[in-house]
Amino acid sequence: MSVAPRGRRVLWVVGPALGHAARALVVARALRDAHGVGSRFIGADRHGFHARLLAPEFDTIDTGHTPAQFEAFADAVAAQLVEHRYDALCLDCASVPWRLAIGEPGLPSVYLTNAFLAHATQATHQDLQWREHGASWNARRQARGLPPLANAAALFEADRVLLADPDWILDVDAALPVHHRLTGACAWAPDGPLPDALAGLRDVALIATGSTGTPLPAGFPQALARACGARHVVQVDSQGVRLDGRTLDVGVVPLPALLAHCRVALTHGGAGSTWLALAQGVPVLVWPGHHNHRLLGERIQAAGLGLLLDPQGGAAQLQAFERRAQAMGECARAHAFDLQSGPLRAAGEIVAML
284 MSVAPRGRRV
294 LWVVGPALGH
304 AARALVVARA
314 LRDAHGVGSR
324 FIGADRHGFH
334 ARLLAPEFDT
344 IDTGHTPAQF
354 EAFADAVAAQ
364 LVEHRYDALC
374 LDCASVPWRL
384 AIGEPGLPSV
394 YLTNAFLAHA
404 TQATHQDLQW
414 REHGASWNAR
424 RQARGLPPLA
434 NAAALFEADR
444 VLLADPDWIL
454 DVDAALPVHH
464 RLTGACAWAP
474 DGPLPDALAG
484 LRDVALIATG
494 STGTPLPAGF
504 PQALARACGA
514 RHVVQVDSQG
524 VRLDGRTLDV
534 GVVPLPALLA
544 HCRVALTHGG
554 AGSTWLALAQ
564 GVPVLVWPGH
574 HNHRLLGERI
584 QAAGLGLLLD
594 PQGGAAQLQA
604 FERRAQAMGE
614 CARAHAFDLQ
624 SGPLRAAGEI
634 VAML
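In structure tokens:
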């Protein structure tokens, strides 16, 4: 592990999912490399992504808590803020449950999230949870001396809210609150060349469903390949890496190198894998893992960059993509973007708060 730079340092509250750890990583790197600001991470490393991604470069603290233990988790965060000096508290985590019992930190706070959640046009997963549990959560907050929350949207607030999305995610005439800033997409991918088993592939259909995706029905990958004219299907998910149904022992795949040869990418609607594909101008089909993934899929479909699929609809819905594949590909290529400016802009916004 590298030694943290002397001087200014922020504490990150980071969620256990790959997407949260990866996004926080690229912003923390930008803070360190562009501004000399150090980072320490605290969170419940339930899936091992903190140890794999964050620990090689930064100090990490695994609290070991489950989502139901959000009060004890908040106590661990508060203790860290008391015991050590930090210049800001940065959060990249699901607001429910991890922010439910975290009070005012007494220093600048920054929440890294997405516009399709913080400025959703319909109920988010957090809103649905709040309808069911909000009263009891508020009672538990008040027992800790914290004020009640009006709704789940209050948990998306901070002194500065950074929306890590490309600019097309918002309507042209959308007016953001003054403390909300669109930074551009922030996504992580491993460096390096493709493994030999994938290096020579062309005309690929990529299925990348991250750590929170749901399984596809039998025959769906083959139907996807037929719909887009792909010669190969590469699947990257929690089960590993497969090429045309055959399991490969290749470790972590550098997706940008593979996406350069993809006709389409199917994701679960997680921002990380979705932004990686769209950054390279590859149209995206979203097979949502849960409700919030649908919200991103709807934005992508509205922008003409892909389709939101219904997990109950089966392979027949790929006919719509087959008819529109060329137009979606052209639109996606026209909206390609770089993934370097987002973390740098996010880091700059954080530094401005210190």
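Residue numbers (this note's numbering): 284 to 637. Idealized CB from N, CA, C, for every residue including glycine.
Taking its Cβ as the centre, do 16 or more other Cβ atoms sit within 10 Å of residue i, making it buried, or is it exposed?
i, result
"Ser-392", "buried"
"Val-293", "buried"
"Arg-335", "exposed"
"Gly-523", "exposed"
"His-551", "buried"
"Gln-623", "exposed"
"Gly-589", "buried"
"Pro-603", "Position check: residue 603 holds Ala in this sequence, whereas Pro was assumed. It is exposed - the Cβ of Ala-603 has fewer than 16 other Cβ atoms within 10 Å."
"Gln-518", "buried"
"Thr-557", "buried"
"Gln-563", "buried"
"Arg-427", "exposed"
"Thr-404", "exposed"
"Ser-285", "Below a pLDDT of 50, predicted positions are generally treated as unreliable, and Ser-285, at 48, falls in that range; no measurement from the model is reported."
"Gly-528", "exposed"
"Asp-621", "exposed"
"Thr-349", "exposed"
"Gly-389", "exposed"
"His-367", "exposed"
Excluding five sequence neighbours on each side, which residues of the same chain lie with their C-beta closer than 8 Å to the C-beta of residue i?
i, result
"Ala-435", "Ser-378, Val-379, Thr-407, Gln-409, Asp-410, Gln-412, Trp-413, Gly-417"
"His-544", "Leu-484, Arg-485, Asp-486, Val-487"
"Pro-288", "Low per-residue confidence applies at Pro-288: pLDDT is 46, beneath 50, and the placement is therefore not dependable enough to give any value."
"His-618", "Pro-449, Trp-451, Leu-561, Gly-564, Ala-586, Leu-588"
"Pro-537", "Ala-472, Pro-473, Asp-474, Gly-475, Pro-476, Leu-477"
"Arg-306", "Asp-375, Leu-395, Ala-447, Cys-469, Ala-470, Trp-471, Ala-554, Gly-555"
"Leu-531", "Pro-478, Ala-480, Leu-481, Gly-523, Val-524, Arg-525"
Can you give me the Cβ contacts of residue i inside the same chain, cut-off strictly under 6 Å, excluding the 5 residues immediately before and after it?
i, result
"Glu-581", "Leu-591"
"Arg-514", "Asp-486"
"Thr-492", "Asp-520, His-551"
"Ala-357", "Ala-384, Ile-385"
"Arg-382", "Leu-438"
"Arg-577", "Pro-571"
"Gly-512", "none"
"Thr-346", "Ala-327, Phe-356, Ala-359"
"Arg-291", "Val-320, Asp-370, Leu-637"
"Thr-489", "Checking the sequence shown, residue 489 turns out to be Leu, not Thr. So the list reads Val-517, Cys-545, Ala-548, once near-sequence residues are dropped."
"Ala-508", "Ala-488, Val-516"
Under 8 Å by Cβ, that's how I've got residue i and residue j pegged, so tell me the actual separation to the nearest angstrom.
i, j, result
"Ala-304", "Val-310", "11 Å between Cβ atoms; not a contact."
"Leu-579", "Phe-399", "5 Å"
"Leu-438", "Leu-453", "Actually they are not in contact, since the Cβ atoms of Leu-438 and Leu-453 sit about 20 Å apart, beyond 8 Å."
"Pro-473", "Ala-482", "Contact flag wrong, Cβ pair sits at about 15 Å."
"Leu-627", "Ala-300", "23 Å between Cβ atoms; not a contact."
Whose C-beta lies closer than 7 Å to the C-beta of residue i among residues of the same chain, with five residues either side of it excluded?
i, result
"Leu-541", "Leu-477, Leu-481, Val-487, Leu-489, Val-517"
"Gln-425", "Pro-431"
* Asked: Is there contact here, the stretch 588-598 with the stretch 488-508, by at least three beta-carbon pairs under 8 Å?
  -> yes
Problem - alpha helix (DSSP H) runs contained entirely in the stretch 442-509, provided each spans 4 or more residues - result: 479-482
Would you list, in sequence order, the uninterrupted beta strand (DSSP E) runs of no fewer than 3 residues that lie entirely inside the stretch 303-344? 321-326
Exercise for the section: Pick out the complete alpha helix (DSSP H) segments inside the stretch 366-419, 4 residues or longer, and give them in chain order. Expected result: 378-381, 398-401
Counting only runs of 4+ residues fully inside the stretch 573-619, write out the alpha helix (DSSP H) ranges in chain order.
574-585, 601-617
Report task. Return the chain-ordered ranges of every beta strand (DSSP E) run that is complete within the stretch 515-554 and spans a minimum of 3 residues. Result -> 515-520, 523-526, 529-531, 545-550
Report task. Indicate whether the contact test is met: 3 or more Cβ pairs, each with one atom in the stretch 441-461 and one in the stretch 392-406, closer than 8 Å. Result -> yes
query = Are the stretch 546-566 and the stretch 523-534 touching by the rule of at least three beta carbon pairs closer than 8 Å?
reply = no
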